[in-house]
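One structure below.
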Amino acid sequence: MTVTDEIKCCACEDNPKAPNIPCAICGSAALSAQPAGISRALMGKIIDEVFDGALEDASVIEDIYRVIVREAALSVQPAEAVKPLEWKEGASGTYTEVAESVFGHYSVWEIDGTGCWAPWKQGSGILVDGGIAGAKAAAQADYERRILSALTTPPTDLREENERLTESLRIAQGITDAAIEDYNDTLSRATTAEQRVKALEEENERLRQQVAELDGEAKEESLWRFWNGKARNLADALTTARSEITRLETASNAANREARMLAQAMHEQSYPHVAEWQMLDDTAGIITQISNMAAGIRDRATAAEASLSQAIKERDKAVEETREECAALIDVMLSETLWKTRDWARGALTIAARAIRRGRHLTVQEKAKNALEWIEGGEA
87 MTVTDEIKCC ACEDNPKAPN IPCAICGSAA LSAQPAGISR ALMGKIIDEV FDGALEDASV
147 IEDIYRVIVR EAALSVQPAE AVKPLEWKEG ASGTYTEVAE SVFGHYSVWE IDGTGCWAPW
207 KQGSGILVDG GIAGAKAAAQ ADYERRILSA LTTPPTDLRE ENERLTESLR IAQGITDAAI
267 EDYNDTLSRA TTAEQRVKAL EEENERLRQQ VAELDGEAKE ESLWRFWNGK ARNLADALTT
327 ARSEITRLET ASNAANREAR MLAQAMHEQS YPHVAEWQML DDTAGIITQI SNMAAGIRDR
387 ATAAEASLSQ AIKERDKAVE ETREECAALI DVMLSETLWK TRDWARGALT IAARAIRRGR
447 HLTVQEKAKN ALEWIEGGEA
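In our numbering, the protein residues as written are 87 to 466.
In structure tokens, the structure reads:
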């Protein structure tokens, strides 16, 4: 029988896509019912299956929930019950009934209506209410406690797992910060190159217009104005303008090469999987490609940062739930220990009083010694 059979509700029954996974309410009930020993193993599985394998995946929250619910469902299957003791009539003049166990034997008897039982070969018995039936129940409980105590996993300290989670998230945060910084640097370089190309194109157009004007003016006026030297001045201006155009064209070609190198580097670093990508020929087109790639990098960095933030919240929630679970388990264990200590002290005081009454003729030191021997389980 699994936890989905024990706690399953109508929502679980109506979920054909995940018939073996409880809903949120049933999953919470399964986590509350799981033994303390699953806490460390469960946290390890979350780290191995989610953070190590899918830290950048957008479905990380669903993956965490799937692992928690699955492990909780597997962990709370009822354990086999401890086999009941088989009681037989004791030898005449000794114990009323005895039962063999893997530890030796248990014995029970009755004294004035009060049940008494003893484990193994202990000479003194432990008084309980309920006569023989009460003594058998106490012996069975002791037997089960000894068996189950060898199988129970003690609660573990989650600080080491918490440190592992924190370190993994720190590394992921560093990767995201580096990606954002690289994006900002790339965007800055692309913006600077675009501004330079735009300025060169404007200057080039201005000089072309100036050359056209000077060229036309030189053709029309060079002959009749030659006498005062204006024709020579116009010719020099035309030569200077053409030289400036050549310089600007050279600078424009250099900017084109720089833009091509930047676009190629961005593609190889951030988009190597896009095999069909082709670089354009003109500088303006290359600048557009650089801007598009930079925008894609920015979107990926934003998505990674959001996924990381959600993972941190889920990690903190899982750690807090595990702490609360350990605290509740410790409270239960302390409560059980206090009750068992009270029962032992009550039995010890009863045995000590009986030992003192049996030795009324003894000194105070001898009475105390006998009482101590009775409490420790030896013959008085």
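Positions of the beta carbon are idealized from the N, C-alpha and C atoms, including for glycine.
Computed from a prediction, not measured in an experiment: that's the story for all the values here.
According to DSSP, Trp173 shares a beta bridge with Ala185. According to the DSSP secondary-structure assignment, Ile197 is paired through a beta bridge with Thr200. For Leu234, there is no enclosing beta strand (DSSP E); the residue is found in the alpha helix (DSSP H) stretching over Gly217 to Ser235. Exposed is the label assigned to Ile416, since fewer than 16 other Cβ atoms lie within 10 Å of its Cβ. Contact check for Ala341 and Leu286: beta-carbon distance about 6 angstroms, within the 8 angstroms limit, so the pair qualifies. Just so you know, the alpha carbons of His359 and Arg294 end up roughly 43 angstroms apart. The region 343 to 351 and the region 372 to 390 touch, with three or more beta-carbon pairs separated by less than 8 angstroms.
Membership of Val214 in the beta strand (DSSP E) is indicated by the continuous run Ile212 to Val214.
Nearest to Ala221 by alpha-carbon distance, out of Ala204, Ile383, Arg231 and Ile233, is Ala204. The alpha-carbon of Thr388 is positioned some 26 angstroms away from that of Glu362. Taking the Cα positions, Ala351 is about 47 angstroms away from Glu407.
At least 9 angstroms separates the beta-carbon of Ser356 from that of Ile398.
Tyr192 carries a strand assignment under DSSP once its states are collapsed to helix, strand and coil.
Per DSSP, the beta bridge partners of Pro205 are Tyr192. With a cutoff of 9 angstroms on beta-carbon distance, Glu280 and Ser377 are scored as near each other. Our two residues, Pro170 and Val184, have alpha carbons roughly 13 angstroms apart in a direct line. Our two residues, Ala337 and Arg282, have alpha carbons roughly 10 angstroms apart in a direct line.
Take Gln226, set aside five residues on each side of it, and the residues of its chain with a beta-carbon closer than 7 angstroms to its own are Pro170 and Leu171, in chain order.
When DSSP states are grouped into helix, strand and coil, Trp425 belongs to the helix group.
If the five residues before and after Asp368 are omitted, its C-beta is found closer than 7 angstroms to no C-beta atom of its own chain. Residue burial annotation: Glu411 is buried, with at least 16 other C-beta atoms found within 10 angstroms of its C-beta. Here Ser393 is buried. Its C-beta has 16 or more other C-beta atoms within 10 Å.
When rounded, the separation of the alpha-carbon atoms in Arg275 and Tyr269 is 10 angstroms. Under the criterion of beta carbons closer than 8 angstroms, Ile218 and Glu196 qualify as touching, at roughly 5 angstroms. The alpha-carbon separation between Ala167 and Gly216 amounts to approximately 24 angstroms.
The C-beta separation of Gln296 from Ala327 comes to about 6 angstroms, placing the pair in contact by the 8 angstroms criterion. By the criterion of a C-beta distance shorter than 6 angstroms, Ile233 is surrounded in its chain by Val168, once the five residues flanking it on both sides are discounted. Its Cα nearest to that of Glu391, the residue Ile266 stands out among Lys403, Ile266, Glu249 and Asp198.
For the options Glu175, Asp228, Thr252 and Ala177, the alpha carbon positioned closest to that of Val188 is the one of Asp228. Pairing Thr182 with Ser193 gives a Cβ-Cβ distance under 9 angstroms.
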